[in-house]
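Each residue of the sequence shown is one higher than the last, beginning at 3 in my numbering.
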Amino acid sequence: MLRKVVETAWPATNSPNVPIFKRFQTAWEKIDKSKYKIGIEDENIKTTLIEIKNEKVIFLDNQLKLNHSRDDYKELLVLCKIFLGAVPSSEVKFRAPGAMHHARWLSKALYSFKMYMFRSEFKMRPSEISSLRQICCFLTLFYVEASFEAPCAIKAPNNDLELFKKLLKYKQMQPKIAAAALEKLSLHLLYLHKELVCLALFDSNVTREQKLKIVNSIKSNKSFDIKGKRPQITQGSFDTLAKREICDFASENVANMFETFRDSRNDIVFIVITTRSSRVGASQQAGLERCSLEHTSSQRAQRTLQLSQTLTRA
Numbered sequence: 003m004l005r006k007v008v009e010t011a012w013p014a015t016n017s018p019n020v021p022i023f024k025r026f027q028t029a030w031e032k033i034d035k036s037k038y039k040i041g042i043e044d045e046n047i048k049t050t051l052i053e054i055k056n057e058k059v060i061f062l063d064n065q066l067k068l069n070h071s072r073d074d075y076k077e078l079l080v081l082c083k084i085f086l087g088a089v090p091s092s093e094v095k096f097r098a099p100g101a102m103h104h105a106r107w108l109s110k111a112l113y114s115f116k117m118y119m120f121r122s123e124f125k126m127r128p129s130e131i132s133s134l135r136q137i138c139c140f141l142t143l144f145y146v147e148a149s150f151e152a153p154c155a156i157k158a159p160n161n162d163l164e165l166f167k168k169l170l171k172y173k174q175m176q177p178k179i180a181a182a183a184l185e186k187l188s189l190h191l192l193y194l195h196k197e198l199v200c201l202a203l204f205d206s207n208v209t210r211e212q213k214l215k216i217v218n219s220i221k222s223n224k225s226f227d228i229k230g231k232r233p234q235i236t237q238g239s240f241d242t243l244a245k246r247e248i249c250d251f252a253s254e255n256v257a258n259m260f261e262t263f264r265d266s267r268n269d270i271v272f273i274v275i276t277t278r279s280s281r282v283g284a285s286q287q288a289g290l291e292r293c294s295l296e297h298t299s300s301q302r303a304q305r306t307l308q309l310s311q312t313l314t315r316a
């Protein structure tokens, strides 16, 4: 999704070696690191981000308390926080621009934040600054939080649906950027599958009322989907999708998911939800722990890549 957005905002970045990134890397030593400008000094960005600034800073702070498998993940969090003006100037530090990988678009996110914040120190055309502004806003509004939340499978159904709705709303402000992101996201809504959507039952961000609606949908909604087939979302159905709730995606097929996580010791499904009690039973807690350990496929791929790189260096 990030690649599609960056190429839409700035078509010139669609190559393994982007000349302006190389030029910025070369100029880095001569740049006065104290003369950075935070994002919200720009009135256009301030208008876009001011309402969600505190919410984003809380998320960034919570993520920075965790250990991350790569230094560039932490750097992305720090840069986003600096961009929002939430880091005291005495504590601001910038790492030198690193290697650029066409297959790894995170490096271009790091470059975008740095180049925009040093726009007064690094010579760029107005059109280039405008492109960077769009990219940095997208990173701050959507991408950073979505990418760090993505590894948690139990949050995926609700997070994907809410991100889709937010991007549809964002089309009113940035139609091209939002359309590019929606196009990519619509191809990766696997967790809105009628089986996998039941993972939302374990998501603490999903209200109890919504969870009860999911249970009712499991009991009443018939489904003729082929097992394992991901939802087909076309551009013509985007507005319709925005009106749906997470419970609308559940059906009796969710029993297949429960069968996968059946408790082998006593042969019972691990989740029980009632309207009378909010207490978590032993089997439900066991299921929650099991689901919490599940990671999305992208996280598994990232770990495999990291392991292979380690073995290659050994």
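The C-beta atom is built at its ideal place from N, Cα and C for all residues, glycine as well. Since we're looking at a predicted model, the values are computed, not measured.
Residue i to residue j span [Cα, whole Å]
| i | j | result |
| --- | --- | --- |
| P177 | S149 | 22 Å |
| L143 | E31 | 30 Å |
| I84 | F124 | 18 Å |
| A180 | K213 | 29 Å |
| I156 | K37 | 42 Å |
| G87 | F120 | 14 Å |
| I52 | I42 | 8 Å |
| R210 | A202 | 11 Å |
| Q65 | L79 | 8 Å |
| K6 | C154 | 23 Å |
| S132 | I47 | 11 Å |
| C138 | S222 | 44 Å |
| Y118 | A152 | 26 Å |
| S71 | A158 | 20 Å |
| L81 | W12 | 20 Å |
Exposed unless 16 or more other CB atoms sit within 10 angstroms - verdict on residue i
| i | result |
| --- | --- |
| T10 | buried |
| T15 | buried |
| T28 | exposed |
| P90 | exposed |
| I60 | exposed |
| D63 | exposed |
| E197 | buried |
| M175 | exposed |
| L189 | exposed |
| E45 | exposed |
Range covered by the alpha helix (DSSP H) that runs through residue i
| i | result |
| --- | --- |
| Y319 | This structure leaves residue 319 out entirely; the chain is present only between 3 and 316. |
| V8 | L4 to A11 |
| L66 | K55 to L66 |
| R246 | Looking at the DSSP string, R246 is not in any alpha helix (DSSP H), and its letter there is neither H nor E. |
| V217 | R210 to S222 |
| E77 | D73 to F85 |
| L321 | One cannot answer for residue 321 here, as it falls past the ends of the chain, which runs 3 to 316. |
Query - 4-residue-minimum alpha helix (DSSP H) runs that sit fully inside the region 13-49, ordered along the chain - result: Secondary structure in the region 13-49: the alpha helix (DSSP H) runs of 4 residues or longer, each lying completely within the stretch, are 21-29 in chain order.
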